[in-house]
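This report concerns only the one structure given below.
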């Protein structure tokens with residue numbers, strides 16, 4: 001039995017000290033996901049608190065038929081998306097012709113992961129959410145469409161646009177072009 | 001130069017989580033934890049029997065009251081069906097779509113506990129819609145009634161579909177290991 005499983009079991013049995021252990025093990029990953037969804041550290045902090053409170057207070061409903069991490073991540077992502085839906089999302093606009101030129105000569109350059117995180121935060125809110133959900137959280141475009149109340153094809157286009165913008169930003173940071 | 005972002009992210013997924021939450025966040029969480037203890041499993045079939053009896057009695061009482069004083073018991077609620085036969089069929093279509101999704105989902109208390117954020121949205125939508133319908137029943141312009149009522153049905157269908165996706169996602173995740 002892994003340590004997180006033991007902590008979850010202890011919390012379900014009423015051992016409140018296990019909650020802190022769970023928080024310590026998962027908060028960093030969840031916080032980063034929320035920063036990428038909101039693009040804002042302060043909002044991410046409030047949402048992180050809300051999401052952990054929701055998760056702990058409904059811990060008895062976790063039955064172990066998915067990993068605890070997956071269950072918690074779903075609550076975290078949904079807390080972030082509820083917040084995002086309440087605001088007006090801004091989608092990336094770039095020339096579609098440029099979009100089609102993309103995908104050629106992709107190089108396997110090692111990019112600093114911290115830089116990827118920083119540059120994702122700078123994307124417009126709508127495309128940032130689509131890029132985060134698709135690229136980092138493994139959502140399908142169908143799921144993203146339902147979550148963000150957009151069409152599947154908008155999700156695909158915004159992903160392409162977001163990715164293109166991200167590449168341009170990284171190019172500028174790394175090569176100054 | 002173009003980067004292969006997908007490859008970079010796939011290979012370094014864990015390392016992309018670079019920021020650490022401030023230490024004081026935990027204090028705000030700790031104070032608000034309220035974990036209900038799992039009750040022992042008991043036979044609750046009697047609860048359903050009592051509930052069914054109460055439902056039956058309540059239904060009969062309501063029916064009698066409605067027949068004896070028509071229109072006095074409930075506030076008037078606007079509906080698309082009141083506008084024209086065309087809107088009546090649109091409303092019937094929406095209602096049948098909602099019923100179809102609900103019957104496929106077979107939503108129960110477990111789902112409510114599993115996806116509380118979605119049920120909260122659904123409940124909020126119902127509260128707002130009831131208020132809307134009550135207010136709109138006093139409005140004579142049909143245009144003012146049509147849009148909010150259609151919006152309500154569409155929003156409800158969207159939330160139900162999101163619940164459907166969450167259930168599918170949960171089923172697909174059963175054997176997955178998340179990378180965090």
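Protein chains in written order, with the working numbering: chain A, 1 to 177; chain B, 1 to 180. Glycine included, each C-beta is placed from N, C-alpha and C at the ideal position. Here the structure is a predicted model, which is why all the values come from computation and not from measurement.
Which of the residues in the stretch 119 to 136 of chain A, read from start to end, lie with their CB under 7 angstroms from any CB of chain B? Going along the stretch 119 to 136 of chain A in chain order, one finds 135, 136 with a Cβ nearer than 7 angstroms to chain B.
Distance, Cα to Cα, residue 181 of chain A vs residue 5 of chain A? Lying before the first or after the last residue shown, residue 181 of chain A is absent from chain A, which here runs from 1 to 177.
What is the rounded straight-line gap between the Cα of residue 3 of chain A and the Cα of residue 151 of chain B? 47 angstroms
According to DSSP, is residue 3 of chain B helix, strand or coil? strand
Quick check on this structure: which residue in B/132, B/111, B/110 has the alpha carbon closest to the alpha carbon of residue 147 of chain B? B/132
At the level of alpha carbons, what is the spacing between residue 47 of chain B and residue 36 of chain A? 46 angstroms
Does the Cβ-Cβ distance between residue 165 of chain A and residue 123 of chain A come in under 7 angstroms? Taking 7 angstroms as the Cβ cut-off, residue 165 of chain A and residue 123 of chain A qualify as a contacting pair.
Simplified DSSP assignment, three categories, for residue 63 of chain A: coil
According to the Cβ coordinates, are residue 175 of chain A and residue 21 of chain B closer than 7 angstroms? no
Segment limits, alpha helix (DSSP H) that includes residue 111 of chain B: 109 to 114
Could you check which residue in A/42, A/52, A/59, A/47 has the C-alpha nearest to that of residue 8 of chain A? A/59
Roughly how many angstroms separate the alpha carbons of residue 39 of chain A and residue 157 of chain A, rounded to a whole number? Between residue 39 of chain A and residue 157 of chain A, the C-alpha separation is close to 20 angstroms.
May I ask which residues mark the beginning and end of the alpha helix (DSSP H) holding residue 24 of chain A? 17 to 38
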